[in-house]
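Engineer:
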Amino acid sequence: MDAFQGLLTGFQVALSLEGIMFVLIGVIVGTLIGMMPGLGPISAIAIMIPITYGMDPAPALVMMAGVYYGAVFGGSTSSILLNAPGISGTVATAFDGYPMAQQGKAGKALAIAAISSFIGGTVSVVLLMLLAPALSSVAISFGPPAYFALMFMGLTAISSLSEGSTIKAMIAAVAGFMVVTIGIDPQTGTQRFTFGNVNLFDGFDFLIIALGLFAVAEVCMLILNRKNRSLSDDQKLGSLKLSKADLKEMSGPVSRQSFVGFLLGVLPGAGATIASFISYIFEKRIAKNPEEFGKGSIKGLAAPESSNNAATSGAFVPLLSLGIPGSGTTAVMLGAFLVLGVQPGPLLMTDRPEIFWGIIASMYLGNVFLLILNLPLIPYLAKILSIPRPLLISLVIMFSLIGVYSISFNVFDLYMLLVFGALGFAMRIFSFPAPPFILAFILGGMMEQAFRQSMTISNGSLSIFVDSPLPLSLLLVALVSLLVPAFLKWRSNRLAYKQG
Amino acid sequence: MKKTIFAGILSVSALTFAGCGSDDAANTAGEDGNFEPSKTIEVVAPAGSGGGWDTTAREVARVFGETEIIDENMTVINREGGGGAIGWAYVHGKEGDAHSMFVASPPLMFVPLNGQSEHGHEDFTPLANMIADYGAFAVREDSEFEDLNDLFDQMKDDPESVTVIGTSAPGSMDHMQFVRIAKAAGVDPTKIKYVSDQEGGALTAVLNGSVDVFSTGVGETIEQVRAGNIKVLGVTAEERMEGEVLSEFPTAIEQGIDESFVNWRGFFGPPGMDQAAVDYYEAKFQELSESEEFAEVREKYGWNEMYMGSEEYSEFLEGEKEEIAALLEEIGLGQ
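In order, the protein sequences belong to chains S and C. Using our numbering, you'd call the opening residue of the first sequence number 1 and step up by one each time. Using our numbering, you'd call the opening residue of the second sequence number 501 and step up by one each time.
Right under this line is the structure:
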């Protein structure tokens with residue numbers, strides 16, 4: 001069966017009454033779960049697995065896929081409105097989305113996020129449809145040395161994620177690296193900084209850190225700045241309408257980052273979170289006015305939003321065509337496949353075309369539904385901001401606690417949320433930027449493991465990073481991105497000196 | 501004292517469900533030394549959703565319910581963390597509770613032996629083993645290795661040239677099943693290069709040639725073998741497995757390496773569970789294992805039947821533990 005015929009089969013599944021219904025249920029549940037700070041698609045899919053017992057696998061999986069990308073779609077809402085990331089993939093959305101909302105442009109920010117998500121999602125479904133079989137070779141092209149080089153490239157962006165002091169950004173990043181080493185080291189089984197406490201054996205879940213450093217710290221700031229209580233009255237929804245200039249500003253980042261996000265999503269282990277960060281940094285690097293980033297830039301909002309949604313579809317490439325789950329969520333999805341008696345892998349496309357193509361076709365529909373669902377909701381969602389501050393603060397704290405507790409139902413994690421909240425608050429007070437900490441935490445763990453895997457494979461020779469073209473070229477890109485800004489700065493200083 | 505409380509709980513529940521005949525019977529039976537569950541049974545999966553433990557627990561609970569082998573509800577809860585240690589500590593705290601159990605497999609042995617859990621299998625009450633799974637050693641389709649002896653000969657000549665990858669940590673299942681077979685073939689177990697990839701990149705690293713051998717469960721290899729991406733050099737089962745594709749995998753024993761490894765999976769209760777309750781669950785698990793419905797489940801996931809009652813299970817585990825502890829000691833990972 002060729003791809004075109006396959007896709008027709010897929011649309012037959014997706015456009016049947018049953019198909020439409022389950023896509024709709026999936027994306028509604030996904031959006032709602034995503035909007036709650038901390039509650040993510042993993043728990044939603046896990047809860048659904050028993051419900052799907054005995055269901056026909058195609059609609060069941062179409063629904064679960066809908067929950068997954070629906071959650072990423074909806075996750076931006078609380079990042080933008082409350083600085084409390086809905087899911088880990090929307091942490092970077094808060095960097096510019098929250099400042100925009102603070103400036104009374106909440107409606108616009110939500111609209112930009114929705115449209116960027118829609119385009120990112122749709123572009124990547126097209127790519128998924130056209131390239132899924134071919135891309136499975138891309139998904140396996142990254143070995144440990146290439147992963148190390150990719151993570152290293154991402155890390156060169158630490159300095160560009162900081163406002164003000166580079167030294168402080170570096171200190172925050174080092175702290176992030178230190179925190180990610182907590183737990184049992186996968187390569188040796190040694191306990192690091194666990195103090196024998198079994199709760200620390202697995203290290204910290206990313207969400208604990210993201211909610212602590214962003215949501216809890218933000219809440220502390222709000223309490224501290226009590227005189228601004230009237231702020232909520234001034235904070236208007238703002239117009240939903242995007243001007244032509246806005247659309248033009250978005251178009252560049254959205255079109256670029258839809259591709260970048262998709263490609264990063266295809267790589268097992270990278271996923272939506274890393275994709276959103278790399279896209280944010282990418283756009284900031286090439287922007288004419290990088291100083292606007294972090295202060296409510298449209299580009300800075302559109303980039304991670306198109307990227308994280310694109311990465312979500314990208315993650316289906318290794319899952320469907322190789323049977324490799326690239327992230328926690330896709331690992332649970334894989335479990336759902338197996339429970340329904342479907343084995344994802346290289347033969348899925350020929351063995352069960354209705355499932356392979358049905359999921360892909362349903363994503364077109366799902367993305368349209370999400371846009372239709374989300375746009376009219378914006379005015380109502382933005383009203384959250386006019387909830388009296390004391391109530392809003394309590395709600396954010398409550399949802400953050402629920403979100404963290406739902407990760408592994410462990411009370412210890414709740415204390416850790418407070419610890420990271422306190423850390424985030426202290427960092428705010430002493431103006432240490434949080435994004436470098438977060439970035440180091442996300443990339444550091446994988447980078448260390450990839451480095452040490454490479455060292456074991458090469459018997460300790462560093463040449464493994466330059467012997468093959470893929471890691472070598474990634475390292476060269478990293479080098480260029482480190483040197484070019486330094487060179488530009490040096491030249492402008494020299495010019496200023498000459499003119500002075 | 502405990503018995504009084506227990507009887508108390510039973511009579512309270514009998515009152516709650518007044519009119520339900522079987523509760524009356526349960527109450528009197530309790531005094532005879534027989535056991536009937538009187539409330540929902542909690543089955544702990546000491547891991548997140550979607551993994552092997554979770555799937556086993558949920559399928560067992562589902563079939564128990566559908567076949568009405570056990571009338572009471574069984575509910576699966578996930579207690580994730582520390583490679584199982586969090587869930588084990590949780591069940592360990594329910595001493596004597598006859599309505600609680602958890603699903604386990606060899607990590608219940610590996611993790612404490614590596615010093616990462618205070619609780620090992622001997623701290624719990626074995627109820628029954630249900631299924632067996634086996635390990636497989638796979639290489640890329642175009643690899644120069646044709647069988648396990650090719651691979652192990654190369655490792656004897658030049659141990660640095662071969663890297664093995666698996667999902668579990670060093671000293672745990674994917675690592676130790678390889679070490680166990682390789683050692684039996686004469687490879688120096690201290691020189692085996694093993695890397696762990698817990699982010700899902702292990703298969704990828706084999707397919708792109710970064711590493712040479714993938715040590716994993718047989719189930720993970722079937723699709724890739726069917727697609728012609730990898731070949732399985734050997735499996736750790738005692739004898740040939742049954743089933744399409746599976747029956748093509750040669751065992752290590754067939755290749756002259758006299759060693760095997762079984763990834764057993766069964767159920768344990770908290771410490772100090774009443775003997776009457778143990779007898780009850782043992783019998784129910786046996787009924788389940790022999791049922792047609794559970795045979796379908798085994799077939800769906802490619803699991804093998806391996807029922808062991810409480811006592812047999814206990815003895816089997818003791819033997820396994822001794823062997824693994826010695827092996828860990830030898831490669832310098834023992835605690």
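C-beta: ideal position from N, C-alpha, C; glycine also. Quick caveat, the model's predicted, so the values are computed rather than measured.
Are the C-beta atoms of C:Asn729 and some chain S residue less than 8 Å apart?
Structural biologist: Within the second sequence, the letter at position 229 stands for residue 729 of chain C. Closer than 8 Å: yes.
Engineer: With burial defined as no fewer than 16 other Cβ atoms inside 10 Å of the residue's Cβ, what is the status of S:Tyr415: buried or exposed?
Structural biologist: The residue you call residue 415 of chain S lines up with position 415 of the first sequence. When all chains shown are included, S:Tyr415 counts as exposed.
Engineer: Between which residues of its own chain and S:Ala157 is the CB-CB distance below 6 Å, once the five residues before and five after are set aside?
Structural biologist: Taking the first residue of the first sequence as 1, we reach residue 157 of chain S at position 157. Counting only Cβ-Cβ distances below 6 Å, and skipping sequence neighbours, we find Ile281.
Engineer: Should the region 78-93 of chain S be regarded as contacting the region 37-48 of chain S, the criterion being three or more beta carbon pairs within less than 8 Å?
Structural biologist: yes
Engineer: In this structure, what does DSSP give as the bridge partners for C:Asp633?
Structural biologist: Translated into positions along the second sequence, residue 633 of chain C becomes position 133. Note: C:Asp633 sits in a beta bridge opposite C:Asn763.
Engineer: The beta strand (DSSP E) that contains C:Tyr807, what's its start and end?
Structural biologist: In the second sequence, counting from the first residue as 1, residue 807 of chain C sits at position 307. From DSSP, the beta strand (DSSP E) with C:Tyr807 extends over Asn804 to Gly809.
Engineer: For S:Leu507, count neighbouring C-beta atoms within 10 Å of its own C-beta (all shown protein chains included) and say buried if the count is 16 or more, exposed if not.
Structural biologist: The structure shown does not extend to residue 507 of chain S, since chain S is modelled only from 1 to 500, so the question has no answer here.
Engineer: Is there a Cβ from chain S that is less than 8 Å from the Cβ of C:Val801?
Structural biologist: By 1-based counting over the second sequence, the position of residue 801 of chain C is 301. The amino acid at residue 801 of chain C is misidentified as Val; the sequence shows Tyr. Judged by the 8 Å Cβ criterion, C:Tyr801 is in contact with chain S.
Engineer: Per DSSP, which residues does C:Glu542 bridge with? Please list them.
Structural biologist: Counting from 1 along the second sequence, the entry for residue 542 of chain C is found at position 42. DSSP, once it has assigned bridges, lists C:Thr575 and C:Ser600 as partnering C:Glu542.
Engineer: Which runs of the alpha helix (DSSP H) at least 4 residues long sit entirely within the region 135-220 of chain S? Give them in chain order.
Structural biologist: As summarised for the region 135-220 of chain S, the continuous alpha helix (DSSP H) elements at least 4 residues long and confined to that stretch are 144-155, 166-180 and 206-210, given in chain order.
Engineer: Helix, strand or coil: which one does DSSP assign to C:Pro626?
Structural biologist: As a working note, residue 626 of chain C is residue 126 in the second sequence. Reduced to three states, the DSSP call for C:Pro626 is strand.
Engineer: Return the residues of the region 800-834 of chain C that lie within a Cβ-Cβ distance of less than 8 Å from chain S, sorted by chain order.
Structural biologist: Answer set for the region 800-834 of chain C: Lys800, Tyr801 and Leu833.
Engineer: For S:Phe148, collect the residues of the same chain with a Cβ closer than 8 Å to its Cβ; drop the 5 residues on either side in sequence, then sort them by chain order.
Structural biologist: Working through the first sequence from its first residue, we reach residue 148 of chain S at position 148. Within the same chain, Met447, Ala450, Phe451, Ser454, Phe465 and Pro471 come within 8 Å of S:Phe148 by CB-CB distance, once the 5 residues on both sides are set aside.
Engineer: Short of 7 Å Cβ to Cβ, which residues in the region 441-452 of chain S face chain C?
Structural biologist: Met446
Engineer: Three Cβ pairs or more, each shorter than 8 Å: is that satisfied between the region 65-79 of chain S and the region 433-441 of chain S?
Structural biologist: no
Engineer: Please determine, among C:Ala628, C:Asn649, C:Pro537 and C:Leu613, the residue with the shortest C-alpha to C-alpha distance to C:Pro750.
Structural biologist: Taking the second sequence and counting its residues from 1, one reaches residue 750 of chain C at position 250. Comparing Cα-Cα distances from C:Pro750 to each of C:Ala628, C:Asn649, C:Pro537 and C:Leu613, the minimum goes to C:Asn649.
Engineer: Mapping the DSSP letters down to three states, classify C:Ile692 as helix, strand or coil.
Structural biologist: The residue labelled residue 692 of chain C in the question sits at position 192 within the second sequence. Of the three classes helix, strand and coil, the one that applies to C:Ile692 here is coil, per DSSP.
Engineer: Are C:Ala684 and C:Ile757 close, meaning C-beta to C-beta below 8 Å?
Structural biologist: One-based indexing of the second sequence puts residue 684 of chain C at position 184. One-based indexing of the second sequence puts residue 757 of chain C at position 257. Yes; because the gap between Cβ atoms is below 8 Å, this pair is in contact.
Engineer: Distance cutoff 8 Å, beta carbons only. Does S:Gly143 sit that close to anything in chain C?
Structural biologist: Position 143 of the first sequence, counting from 1, holds the residue named residue 143 of chain S. Answer yes: the Cβ-Cβ gap between S:Gly143 and chain C drops below 8 Å somewhere.
Engineer: Give, in chain order, every residue of the region 260-292 of chain S whose Cβ lies closer than 8 Å to some Cβ of chain C.
Structural biologist: Pro268 and Gly269
Engineer: Flag S:Phe193 as yes if its beta-carbon sits less than 8 Å from any beta-carbon of chain C, otherwise no.
Structural biologist: Counting from one through the first sequence, the residue named residue 193 of chain S turns up at place 193. Cβ-Cβ to chain C under 8 Å: no for S:Phe193.
Engineer: Beta carbon of S:Val254, beta carbon of S:Ala287: below 8 Å?
Structural biologist: For the purposes of this step, residue 254 of chain S is identified with residue 254 of the first sequence, where counting begins at 1. For the purposes of this step, residue 287 of chain S is identified with residue 287 of the first sequence, where counting begins at 1. Taking 8 Å as the Cβ cut-off, S:Val254 and S:Ala287 do not qualify as a contacting pair.
Engineer: What separation, rounded to the nearest whole angstrom, lies between the Cα atoms of S:Phe369 and S:Glu354?
Structural biologist: Counting from 1 along the first sequence, the entry for residue 369 of chain S is found at position 369. Counting from 1 along the first sequence, the entry for residue 354 of chain S is found at position 354. So the alpha carbons of these two residues sit roughly 21 Å apart.
Engineer: Given a threshold of 16 other Cβ atoms within 10 Å of its Cβ, counted over all protein chains shown, does S:Ala382 qualify as buried or as exposed?
Structural biologist: Translated into the one-based positions of the first sequence, residue 382 of chain S becomes position 382. Buried: at least 16 other Cβ atoms inside 10 Å.
Engineer: At a CB-CB cut-off below 7 Å, which residues of chain D make contact with C:Ile569?
Structural biologist: Looking at the structure shown, chain D is missing, and the protein chains on hand are S and C.
Engineer: Could you please give the first and the last residue of the uninterrupted beta strand (DSSP E) stretch that includes C:Gly717?
Structural biologist: Indexing the second sequence from 1 puts residue 717 of chain C at position 217. Val713 to Gly717 is the span of the beta strand (DSSP E), which, as asked, contains C:Gly717.
Engineer: Between S:Val339 and C:Gly551, what straight-line distance do the alpha-carbon atoms span, to the nearest angstrom?
Structural biologist: In the first sequence, counting from the first residue as 1, residue 339 of chain S sits at position 339. In the second sequence, counting from the first residue as 1, residue 551 of chain C sits at position 51. For S:Val339 and C:Gly551, the distance between alpha carbons rounds to 11 Å.
Engineer: Have a look at C:Gly581, C:Pro770, C:Ala632 and C:Val563 and flag the residue whose alpha-carbon is nearest the alpha-carbon of C:Phe761.
Structural biologist: By 1-based counting over the second sequence, the position of residue 761 of chain C is 261. Taking C:Phe761 as reference, the option from C:Gly581, C:Pro770, C:Ala632 and C:Val563 with the minimal CA-CA separation is C:Ala632.
Engineer: Do S:Leu319 and S:Thr330 come within 8 Å of each other at the CB atom, strictly closer than that value?
Structural biologist: Start at 1 with the first residue of the first sequence, and residue 330 of chain S comes out as number 330. Start at 1 with the first residue of the first sequence, and residue 319 of chain S comes out as number 319. One thing to note: S:Thr330 has its Cβ within 8 Å of the Cβ of S:Leu319.
Engineer: When burial is assigned at 16 or more other CB atoms within 10 Å of the CB, is C:Gln724 buried or exposed?
Structural biologist: Here residue 724 of chain C is taken as the residue at index 224 of the second sequence, counted from 1. Buried, because 16 or more other Cβ atoms sit within 10 Å of the Cβ of C:Gln724.
Engineer: Less than 8 Å between C-beta atoms, sequence neighbours within five positions excluded: which residues of the same chain meet that for S:Thr52?
Structural biologist: Here residue 52 of chain S refers to the residue found at position 52 when the first sequence is read from its first residue. Closer than 8 Å at Cβ, skipping near neighbours: Ala60, Met63, Met64, Ala336, Val339 and Leu340.
Engineer: According to the Cβ coordinates, are S:Pro506 and S:Ile324 closer than 8 Å?
Structural biologist: Only positions 1 to 500 of chain S appear in this structure, which leaves residue 506 of chain S out of reach.
Engineer: Against chain S, with Cβ distances strictly below 8 Å, would C:Gln724 count as a contact?
Structural biologist: Residue numbering aside, residue 724 of chain C sits at position 224 when the second sequence is read from its first letter. Using a CB distance cut-off of 8 Å, C:Gln724 counts as an interface residue toward chain S.
Engineer: Please list the terminal residues of the continuous beta strand (DSSP E) segment that includes C:Ile730.
Structural biologist: Here residue 730 of chain C refers to the residue found at position 230 of the second sequence. Its beta strand (DSSP E) spans residues Ile730 to Val735.
Engineer: With 7 Å as the C-beta to C-beta threshold (strictly closer), list the residues of the region 82-104 of chain S near chain C in chain order.
Structural biologist: Against chain C - using a Cβ distance shorter than 7 Å - the region 82-104 of chain S contributes no residues.
Engineer: Determine the extent of the alpha helix (DSSP H) in which S:Ile47 is found, giving its start and end residues.
Structural biologist: By one-based count along the first sequence, residue 47 of chain S stands at place 47. Counting along the chain, the alpha helix (DSSP H) containing S:Ile47 begins and ends at Pro41 to Ile51.
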